Amino acid sequence: MLDVYLFVTPWDEQCIQSEKVMIDFVQNVDQKVSFQIIPMLNMQIIQSYLHNTKNKSYDSYNRLSEDMYNMILDYKAALFQCKRHGRNFLKLIQQEINSNHLPYSKQLGSEIAERAKLDLEMFENDRRSKLARDAFKADQRTASEMNVAISPAAVIFNDDGDDCGILVEDFDDKTLQQIWFFVNCCW
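Okay, structure coming up:
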């Protein structure tokens, strides 16, 4: 079994493209895969987004940081209901923020939760809960422990082999196919 951790910046278009490539990859390999999308949030991500974004609704580091953090907590709350719903929530909110250039808001998060067919009462209770905050902190620790400094990045482990993984920072489908070959031949 493969364990795949995809580290992303929540609103970065390159990360969104990497999510699509990775989802296609894990759906087409002939091995069982445990797959997690882990949003990262740090000063470098915030500064990069402020300087490189097409979305001009943010001019404040603090406001952007708070909105990204709250969106990640919303994503964690959606994941509590099931991975499929969580991924759908993430895809829908990224579309609104990146394609439709809507700024994040609590109301937008609630509307996306409804469109993602989440239990809204449970979502509202979970989105700012200690459990969601702790899940966010655990994700940030995981990124640090796996030496992930930039996004998008993927860490791939083969549970059938040694306890070592491959960190891939700039990948496309061809790169993932080469890693898949390496994992099957060498591990």
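The working numbering puts the first residue of the sequence shown at 361, with every later residue one more than the last. All C-beta atoms, glycine included, are put in the ideal place defined by N, C-alpha and C. The structure presented is a predicted model; accordingly, all values stated were derived computationally and were not measured.
request  = Tell me the start and end of each unbroken alpha helix (DSSP H) in the segment 432-493 that is at least 4 residues and wholly inside, in chain order.
outcome  = 443-454, 466-475 and 480-486
task = Starting from the Cα of F395, find the closest Cα among D530, F517 and V528 and give me that residue.
result = F517
query = Nearest to T535 by CA position, among P463, V381 and I432, is which residue?
reply = V381
query = Per DSSP, what kind of secondary structure is D390 in: helix, strand or coil?
reply = coil
query = Whose C-alpha, out of I398, Q377, L410 and R423, is nearest the C-alpha of V368?
reply = Measuring from the Cα of V368, the nearest candidate turns out to be I398.
key: Backbone CA spacing between V393 and N460 [nearest angstrom]   = 32 Å
request  = Check the C-beta distance from L468 over to Y429 and give it rounded, since I have them as a contact under 8 Å.
outcome  = That belief does not hold up - the Cβ atoms of L468 and Y429 are roughly 15 Å apart, past 8 Å.
ask   = Within the chosen definition, does the segment 506-513 reach the segment 486-498 through at least 3 CB pairs nearer than 8 Å?
value = no
inquiry  = Please state whether the Cβ-Cβ distance between A437 and D390 is less than 7 Å.
reply    = no
ask   = Should M361 and D519 be called a contact, given that it needs their Cβ atoms to be closer than 7 Å?
value = yes
ask   = Starting from N412 and walking both ways along the alpha helix (DSSP H), at which residues does that stretch end?
value = M403 to N412
Reduced DSSP category for V381 - H, G, I as helix; E, B as strand; rest coil = helix
ask   = Going straight from the alpha carbon of Q441 to that of A473, what length do you get?
value = 11 Å
request  = Determine the DSSP secondary structure at F517, reduced to helix, strand or coil.
outcome  = strand
ask   = In terms of alpha-carbon separation, which member of Q538, A513 and D499 lies closest to C375?
value = A513
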